[in-house]
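First residue of the sequence shown: -15, per my numbering; consecutive thereafter.
Cβ atoms here follow ideal geometry from the backbone N, Cα and C, with glycine treated the same way.
See below for the structure under consideration.
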Amino acid sequence: MPADLLALVGRDHEAAYGERETIAWDLLASALKSLWAETCCLTLLAGAGTRWVKSLLAAKAGLAGALEDDLGRVTSGFPLDAPRGLFPVRNFISAEPSRIPMAAYAVDALKGLGRHVIVIRGWEAEIRSEIIETLGIDEGMVSFCAQREGPSGKVLGHGDAARQSRRLWRDSRFVIANFGGDVNSPLTALASLLAMAKLDESGEKSAGKVGLLLPVARIRNPAYPVILDEEGLPRAFGHNKLGGTAAGPASSPPASGPAAPGIMLSASDSFAYTNVGIRVYKTEILSAAVDEIENSYWRDDIGYSIPGNDPDAHEFALDNVDALLASRGEARILAIANPEELTPAKSFDEIGHFEEAARKVRAEWEKFRSTFPLANHRA
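Right, here's the structure in full:
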């Protein structure tokens, strides 16, 4: 492993971004051949979403018959009840077709890193044909799990999605999870998985017990800040939405997880670390955490009642798993992600920002692949 990897996921975390490509190069050169067979890629495909549907409806109404451009035609014909991850955006992955579903970027970021498990809310046939087939992924490497609704008639969060799909990922060594609406970088995903494997390979004596490696980016006033201790280890996560409030700046207190004993963010802090949607878990630790949260906080009549979460939503998020592992000192950050990776399109008016971020993220990946051909094992 790189001599300084242990330091880069701890006390020397601020130096990691400058070593972004070097970390990936060094780890690829010493990668375990069996790693890809031991990894499950868990992608959580969001549904339509109230905010998305409202903005798409307004966009359709605003067309007023003006369908002369490509985006207008696509918008006019896109179903309101389809998951936003299926909305066709500009394709920066390949030359053809000119547009691909938004979620193709998240799926392709994990392509070649292991077998795929995709949690959906319907639309499986369309996801297979428009994403899996378009990306050239072997259908035998893909399993689907339809997330069931909770007692309230609503789905209960991405932690619950992981719980419902656990029979499909429990036999792996690592789970790398992401979300269908994010502009994930294949370089970030690759480097993070390889780093987690090396930390696990090094054993508890040198690395400590690590159940989560979280790639992070440093941005101004993140809505979901990572709170570190004096050793550079994550101890809690700010997540106002999870607590039932609107997303706020980095100065807001964490909505879940214990109080951090070390570095806290204040109103004077302009920049802080935030996750970019990718998480790499040691499977046995993720499985145990999911079981623990289910056994502690699930009720058949209402769903989950997790301290710190919105008491009316009764949801279980992967953020709750992260907070649990961080409170036990079992989480690490790897500060190598680019800010562009945190550009989801949760409403129609954010499509342009998503596409521009995707252009930059994919350009960097293509440059890396041309420089270090071993990265093409994913293709």
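{"Query": "Mind the definition here: the stretch 88 to 104 touches the stretch 144 to 158 only if three or more C-beta pairs lie below 8 angstroms; say whether that holds.", "Result": "yes"}
{"Query": "Any contact between the stretch 268 to 278 and the stretch 178 to 188? By contact I mean 3 or more CB pairs, one from each, below 8 angstroms.", "Result": "no"}
{"Query": "Quick check on residue 249: buried or exposed, where buried means 16 or more other Cβ atoms within 10 Å of its Cβ?", "Result": "Low local confidence applies: a pLDDT of 40 at residue 249 is under 50, so the model's placement there is unreliable, and no value is given."}
{"Query": "State the DSSP-derived secondary structure class of residue 30, mapped to helix, strand or coil.", "Result": "coil"}
{"Query": "Quick one, are the C-beta atoms of residue 176 and residue 269 less than 8 angstroms apart?", "Result": "no"}
{"Query": "Any idea which residues DSSP pairs residue 100 with across the strands?", "Result": "25 and 126"}
{"Query": "Quick test of your reading: residue 65 and residue 196, contact by CB under 8 angstroms. State the CB separation rounded to the nearest angstrom.", "Result": "Going by Cβ atoms, the distance from residue 65 to residue 196 rounds to 34 angstroms, so no, they are not a contact pair."}
{"Query": "Indicate the three-state DSSP secondary structure (helix, strand or coil) for residue 320 in the structure shown.", "Result": "coil"}
{"Query": "Which ranges does the alpha helix (DSSP H) cover as unbroken runs of at least 4 residues, wholly within the stretch 176 to 227, from first to last along the chain?", "Result": "188 to 191"}
{"Query": "Taking C-alpha atoms, which residue in 264, 69 and 81 lies nearest to residue 30?", "Result": "69"}
{"Query": "On the CB-based measure, 16 or more other CB atoms within 10 Å of its CB, does residue 286 come out buried or exposed?", "Result": "exposed"}
{"Query": "Note the first and the last residue of the continuous alpha helix (DSSP H) segment covering residue 355.", "Result": "335 to 355"}
{"Query": "In chain order, what residues of the same chain lie with their CB nearer than 7 angstroms to the CB of residue 125, ignoring the 5 residues before and after it?", "Result": "99 and 100"}
{"Query": "Which residue wins for smallest C-alpha separation from residue 203, given the options 280, 254 and 289?", "Result": "254"}
{"Query": "Please name the residue, chosen from 267, 43, 328 and -11, that lies closest to residue 147 on a Cα-to-Cα basis.", "Result": "267"}
{"Query": "If we ignore side chains and look at the alpha-carbon of each, how far apart do residue 194 and residue 316 end up?", "Result": "7 angstroms"}
{"Query": "With DSSP as the reference, identify every bridge partner of residue 74, one or two as the case may be.", "Result": "83"}
{"Query": "Tell me whether the stretch 286 to 300 and the stretch 130 to 150 touch, counting them as touching only if at least three CB pairs, one residue from each stretch, are closer than 8 angstroms.", "Result": "yes"}
{"Query": "Going by the beta-carbon positions, is the gap between residue 221 and residue 23 smaller than 8 angstroms?", "Result": "no"}
{"Query": "So, helix, strand or coil for residue 251, using DSSP?", "Result": "Residue placement at residue 251 cannot be trusted, given a pLDDT of 39 that sits under 50; the coordinates are not used to answer."}
{"Query": "Is the stretch 158 to 173 touching the stretch 76 to 94 in the sense that three or more CB pairs, one from each, lie closer than 8 angstroms?", "Result": "yes"}
{"Query": "Using the beta-carbon count (16 or more within 10 Å), is residue 303 buried or exposed?", "Result": "buried"}
{"Query": "Please list, in chain order, all residues of the same chain as residue 127 whose beta carbon is under 8 angstroms from its beta carbon, the five residues on each side excluded.", "Result": "99, 100, 101, 102 and 152"}
{"Query": "Who are residue 161's beta bridge partners in DSSP?", "Result": "26 and 263"}
{"Query": "Give the DSSP-derived three-state secondary structure of residue 134 in the structure shown.", "Result": "coil"}
{"Query": "Tell me the rounded alpha-carbon separation between residue 131 and residue 271.", "Result": "17 angstroms"}
{"Query": "Do residue 332 and residue 39 have their beta-carbon atoms positioned less than 8 angstroms apart in this structure?", "Result": "yes"}
{"Query": "Say whether the stretch 207 to 222 touches the stretch 340 to 353, bearing in mind that this needs 3 or more beta-carbon pairs closer than 8 angstroms, one atom from each stretch.", "Result": "no"}
{"Query": "By the 10 Å Cβ neighbour count, where 16 or more other Cβ atoms means buried, how is residue 93 classified, buried or exposed?", "Result": "buried"}
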